[in-house]
Ligand code: TRP
Ligand code: SF4
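Okay, structure coming up:
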């Protein structure tokens, strides 16, 4: 997640979020720069992040951050929600760069990890110390200090380190080995395109990337399972790459085909149309629809598609070969033994080619399962593409973004309760110029960093309270002075209780196996 400097004001949700209704349209997702999201809807359109609303009904007893739209987006969270519902294994993992004190923005992610752990997930919290060293140039001394502090807050908030796992990148040899392996599946041009790397970029940035890829896939080292990575949307480029790399590591790729040649998705859609139209009119669809027939059909019907010409050409070169739907196992990384075993394992009619096997009796899902099983039996990982959920960035208390270089803009989990109180009391609000105006027009809770504190943190699980604050505000019954006083008191109480629990967490932390004193220190 973003640890600082990357938070903007559009995050303020009503009790239900609006998906970002403001007009500005900046969207920049940069894991190391300053990410700005002025319109969360753009993330759906431009990057293919899905709206969380779509999966919400599948989530058993959703977290309040989900109910209030603070968690606004996801990739492939269905698989995790379903595992949770069915009591199947799943995992949750997120990482933190130890660059400063943990603050209330990190608390969102801590809470997400803990919530999934409480629902039966294998939970992992990692300290991205290699990344902090590489990308932020922090010394190992500073890193050690912050590492301990992050872990204390995570445990204090409820993470169970006996059930889950805490690690730091720098001492996790399995992660480093996997990172190296994943590096064989990505090249410089690709990383350059995703992260804007150029000839001047230090190699350690690329090492940080493959290390994070390994973090994300680490929960699946002991077997494939749905895994969710809760992060801010600035981390989405990493998620897209991780999902690709998970696929590139697989022994086999399962696709659908019609003949011996390969088709891309658009071409396949055209061939499907032609095949279905022609198969309806022949005696034996298994033999009587030829490639050339489909080419002629497409040439006559000319459905609208950018791939029309290439598809016709491919079909023409297929000549008299019959078209027949099949699932195909493409050999990507399989050992010879694994490929042989797969051939053996495909039941029913099959055809074996150089580098692929076609099956005429298996359906797609059965084929996927078989491919994964053969891979696992022959020493592969069988990775599932990892899922992600995205939370909104919190606004700065002084207006604009939360920034670690402006202490008044954010609340550290280590702030003295009185300082926390004072920061809330001097926060900007969505209030009107005068009390009369406020009574008449109501406050702008959707624009108010103080309201955000209520929704993201201070109301906890109590939706009724959050709604009550919101409605009183927009209805003009609530004035900012009193509202801030209440929020400030709640914040001071929260900080005091949290810091007490951090003290208690020290014993817990002492008892677990994690290196708090980096061996890299010189
Ligand atoms: N890059 C993340 C950040 O900037 C930290 C991180 C490292 C991470 N590995 C991860 C986050 C794996 C999620 C999953 O904060
Ligand atoms: Fe914000 Fe509270 Fe003022 Fe409403 S009343 S604008 S929520 S500080």
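Residue numbers (the working numbering): 130 to 651.
By construction, the Cβ of each residue, glycine as well, lies at the ideal position given by its N, Cα and C atoms.
The residue from 274, 223 and 267 with its alpha-carbon nearest to that of residue 288 is 223. Not one heavy atom of ligand 2 falls within 8 angstroms of the beta-carbon of residue 563.
DSSP, read as helix, strand or coil, puts residue 632 in helix.
If you draw a straight line from the Cα of residue 279 to the Cα of residue 635, it comes to about 12 angstroms.
Using a 10 angstroms sphere on the CB of residue 613, the tally of other CB atoms reaches 16 or more, which defines it as buried.
By the neighbour-count criterion, in which a residue is buried when 16 or more other Cβ atoms sit within 10 angstroms of its Cβ, residue 362 is buried. Here residue 236 is buried, its C-beta having at least 16 other C-beta atoms within 10 Å. Pairing residue 261 with residue 231 gives a Cβ-Cβ distance that is not under 9 angstroms.
Remark: three or more beta-carbon pairs, one from each stretch, lie closer than 8 angstroms, so the stretch 492–511 and the stretch 469–477 are flagged as touching.
Two segments are said to touch when three or more pairs of C-beta atoms, one from each, lie closer than 8 angstroms; by this definition the stretch 363–373 does not touch the stretch 435–448. Under the Cβ criterion (8 angstroms, minimum of three pairs), the stretch 485–497 counts as touching the stretch 444–461.
In the DSSP assignment, residue 294 is bridged to 253. One thing to note: residue 512 has its Cβ within 9 angstroms of the Cβ of residue 349.
Note that the C-beta distance between residue 585 and residue 598 is not below 9 angstroms. A contact between stretches requires three or more CB pairs, one per stretch, nearer than 8 angstroms, and the stretch 210–222 fails this requirement with the stretch 158–177. C-alpha of residue 629 to C-alpha of residue 291: approximately 21 angstroms in a straight line.
Ranked by Cα distance from residue 159, the first of 206, 182, 200 and 264 is 264. Secondary structure of residue 551 (DSSP, three-state): helix. Nearest Cα to residue 341 within the set 266, 388, 258 and 407: 258. Residue burial annotation: residue 588 is buried, with at least 16 other C-beta atoms found within 10 angstroms of its C-beta. Annotation: the continuous alpha helix (DSSP H) that includes residue 465 extends over 465–474. Taking a C-beta distance under 9 angstroms as the contact criterion, residue 343 and residue 320 do not qualify as a contact pair. DSSP, read as helix, strand or coil, puts residue 280 in helix.
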